[in-house]
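Contents: one structure, followed by commentary.
In the numbering used here, the protein residues as written are 185 to 423.
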């Protein structure tokens with residue numbers, strides 16, 4: 185694909201991502217709570233991988249790795265986030281923030297939810313998913329040792345995600361105090377990082393794929409911030 189075609193692919197994917205979130209926002213006006221948006225995050229990234237798979241003519245092995253690893257990662261993520269307890273917790277969290285922001289800015293609830301949650305989620309999902317959008321673009325080289333190492337790292341990350349879903353029963357919860365403990369108590373964060381850095385390594389064997397570095401860097405920054413701010417609150421609360 186030419187640079188213009190690649191840019192067009194990214195632009196189309198961004199439009200699709202934002203349109204999907206806007207559509208979910210429109211539907212949410214008929215529902216109670218928007219906690220389901222947490223499940224839309226991994227689902228949107230899997231959809232972006234699927235669109236890129238269909239619209240590119242790169243190396244088929246690399247394309248397949250990127251698509252199926254994202255799908256395998258996203259499916260249990262979405263399922264867990266749609267479960268009753270997780271969704272109710274998210275409903276309460278989003279509702280509290282939306283009420284505060286709507287009061288501060290004089291916005292309606294609908295406008296607040298669209299501009300504060302739905303559209304930013306679409307844009308950030310597009311950013312984090314850059315490796316699975318740019319990785320399938322180039323036909324050569326074939327997947328090499330770096331790509332296969334990335335696949336192993338991504339699979340390990342998916343495994344950590346599973347540990348994260350059982351974290352309340354995990355010995356990791358008894359890790360020593362300090363920064364390391366904050367990460368160990370949220371193994372799903374480590375899992376996310378492993379998955380997306382692994383996907384970047386698969387993509388990075390190609391020129392366009394290397395340009396997707398901002399995706400995993402941004403995710404690392406966000407999760408590092410959450411690990412440093414969320415867990416101290418949990419520890420103070422006895423969580």
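Note that beta-carbon positions come from the ideal geometry of N, C-alpha and C, so glycine has one too.
Keep in mind it's a predicted model, so treat the numbers as computed, not measured.
CB residue 318 to CB residue 392, shorter than 9 angstroms?
-> yes
Through-space distance from residue 218 to residue 278, alpha-carbon basis | 7 angstroms
Roughly how many angstroms separate the alpha carbons of residue 283 and residue 293, rounded to a whole number?
-> 7 angstroms
For residue 215, which of helix, strand or coil comes out of DSSP?
-> coil
Could you work out which residue in 187, 405, 386 is closest to residue 330 when comparing CA atoms only?
-> 386
Residue span of the alpha helix (DSSP H) that contains residue 372, given as start and end = 371-387
Backbone secondary structure at residue 360 - three-state DSSP = Because the pLDDT of residue 360 is 46, which lies under 50, any placement of that residue in the model is unreliable, and the number read from its coordinates should be weighed accordingly. Coil, per DSSP.
Contact set for residue 337: own chain, Cβ-Cβ below 6 angstroms, skip 5 residues either direction = 378, 382
Simplified DSSP state of residue 260, which is helix, strand or coil | helix
Length of the line joining the Cα atoms of residue 296 and residue 199 | 20 angstroms
Please name the residue in 220, 275, 249, 281 whose C-alpha comes closest to that of residue 316.
-> 249
Going straight from the alpha carbon of residue 291 to that of residue 206, what length do you get?
-> 17 angstroms
Enclosing alpha helix (DSSP H) for residue 312 [first to last residue] = 303-312
By the 10 Å Cβ neighbour count, where 16 or more other Cβ atoms means buried, how is residue 191 classified, buried or exposed?
-> exposed
Are the C-beta atoms of residue 274 and some chain C residue less than 9 angstroms apart?
-> The chain inventory of the structure shown lacks chain C, comprising one protein chain alone.
Can you tell me where the alpha helix (DSSP H) with residue 234 in it begins and where it stops?
-> 221-239
Three-state secondary structure assigned by DSSP to residue 406 | helix
Helix, strand or coil: how does DSSP classify residue 186 here?
-> coil
Given a threshold of 16 other Cβ atoms within 10 Å of its Cβ, counted over all protein chains shown, does residue 405 qualify as buried or as exposed?
-> exposed
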